[in-house]
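Data block below; observations after.
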Amino acid sequence: MAHVSAAERRPQLIKAAIDLMTREGVAAGSTRAIAAELGVAQATVHYTFGTKEDLYGAVMKQLTHNLIAQVERAAPADAGFEETVATLAAALWQTVREQPTTHQLLTELSMFALRTPRLQEALEGHYGEVTAVTTRLVTEAAERTGHQLAQPAETIARFFLAGFDGLSAQHLSLPDEKAELTCLQALVSAVVALAGGRMELVTLPTS
Numbered sequence: 048m049a050h051v052s053a054a055e056r057r058p059q060l061i062k063a064a065i066d067l068m069t070r071e072g073v074a075a076g077s078t079r080a081i082a083a084e085l086g087v088a089q090a091t092v093h094y095t096f097g098t099k100e101d102l103y104g105a106v107m108k109q110l111t112h113n114l115i116a117q118v119e120r121a122a123p124a125d126a127g128f129e130e131t132v133a134t135l136a137a138a139l140w141q142t143v144r145e146q147p148t149t150h151q152l153l154t155e156l157s158m159f160a161l162r163t164p165r166l167q168e169a170l171e172g173h174y175g176e177v178t179a180v181t182t183r184l185v186t187e188a189a190e191r192t193g194h195q196l197a198q199p200a201e202t203i204a205r206f207f208l209a210g211f212d213g214l215s216a217q218h219l220s221l222p223d224e225k226a227e228l229t230c231l232q233a234l235v236s237a238v239v240a241l242a243g244g245r246m247e248l249v250t251l252p253t254s
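Just so we're aligned: the sequence shown equals residues 48 to 254 in my numbering.
Here it is in structure tokens:
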């Protein structure tokens with residue numbers, strides 16, 4: 048059998064872990080089960096990542112990067128500030144509707160990480176990166192459109208993410224598409240108002 052380097056094996060194991068834990072939950076994600084998912088020896092997981100926690104951290108990072116990439120691709124190049132914020136929020140919400148298991152897995156991993164000291168760095172990295180990217184997107188939208196922010200971009204980003212996380216949890220627990228869209232529209236309007244925009248209901252783009 049041809050030798051597979053650790054660099055090649057990493058993405059394969061990450062995908063295997065994501066596939067397994069998406070189906071069966073974080074509790075089922077033992078190194079033995081993940082190795083079986085890929086069809087390799089359990090020792091391969093430890094050789095490639097060291098510990099289960101290191102693999103879990105890599106999974107969180109990969110899921111985060113995947114979601115961020117989808118939102119960044121939706122960023123308009125010539126829209127106004129309000130329309131840009133609405134478009135980005137709608138793109139992120141689309142990932143919740145189309146990939147609920149991804150958001151559920153990230154939530155499960157985050158809760159698991161809160162009680163796992165070895166995953167604290169990964170948890171901080173996840174939320175830190177999401178906040179940093181959201182802050183950057185707000186800043187870029189303001190600079191591109193000449194919009195003067197009424198609050199620091201990071202404050203606006205954190206406010207939006209706090210509301211969005213709540214809506215995501217509601218969608219996973221008790222989905223109600225009509226109510227969710229109304230709340231998302233109200234959240235975007237509140238974000239725009241906090242940023243110094245007009246105090247009115249912002250219309251979300253339809254996909």
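For every residue, glycine included, the Cβ atom is placed at its ideal position computed from N, Cα and C.
For residue i, the first and last residue of its enclosing alpha helix (DSSP H)
i, result
"Arg165", "Neither: Arg165 is in no alpha helix (DSSP H) and is coded neither H nor E."
"Asp66", "Ala53 to Glu71"
"Ala121", "Unbroken run through Ala121: none, as it is neither H nor E."
"Ala212", "Rather than Ala, the amino acid found at residue 212 in this sequence is Asp. Where Asp212 is concerned, the enclosing alpha helix (DSSP H) stretches over Ala200 to Ser220."
"Ser236", "Glu224 to Leu241"
"Thr134", "Phe128 to Glu145"
"Gln89", "Gln89 to Phe96"
"Thr250", "It is not in any alpha helix (DSSP H) - Thr250 carries neither H nor E in the DSSP assignment."
"Ala83", "Thr78 to Leu85"
Residue i classed as buried or exposed, judged by whether at least 16 other C-beta atoms fall within 10 angstroms
i, result
"Ser77", "exposed"
"Met158", "exposed"
"His150", "buried"
"Leu231", "buried"
"Ser215", "buried"
"Ala204", "buried"
"Gly104", "buried"
Beta-carbon gap between residue i and residue j smaller than 8 Å
i, j, result
"Glu100", "Arg144", "no"
"Leu170", "Ala242", "no"
"Val185", "Leu208", "no"
"Lys108", "Gly172", "yes"
"Thr182", "Glu168", "no"
"Ala75", "Val235", "no"
Distance between residue j and residue i (C-alpha atoms, nearest Å)
i, j, result
"Ala237", "Leu139", "17 Å"
"Ala83", "Gly213", "35 Å"
"Leu161", "Ala126", "39 Å"
"Ile115", "Ala90", "32 Å"
"Glu227", "His218", "7 Å"
"Ala189", "Glu130", "11 Å"
"Arg57", "Gln141", "28 Å"
"Thr148", "Leu67", "12 Å"
"Ala80", "Glu155", "18 Å"
"Thr192", "Ala233", "22 Å"
"Thr163", "Arg245", "44 Å"
"Arg70", "Leu85", "14 Å"
"Pro220", "Ser52", "The displayed chain sequence assigns Ser, not Pro, to residue 220. Cα-Cα distance, rounded: 41 Å."
Closer than 8 Å to chain D by CB, residue i
i, result
"Arg57", "The structure shown contains no chain D; it is built from a single protein chain."
Cβ distance (whole Å) where residue i is taken to contact residue j below 8 Å
i, j, result
"Phe128", "His194", "4 Å"
"Leu135", "Ala124", "That belief does not hold up - the Cβ atoms of Leu135 and Ala124 are roughly 13 Å apart, past 8 Å."
"Leu60", "Thr95", "6 Å"
"Val106", "Ala64", "5 Å"
"Leu110", "Leu152", "7 Å"
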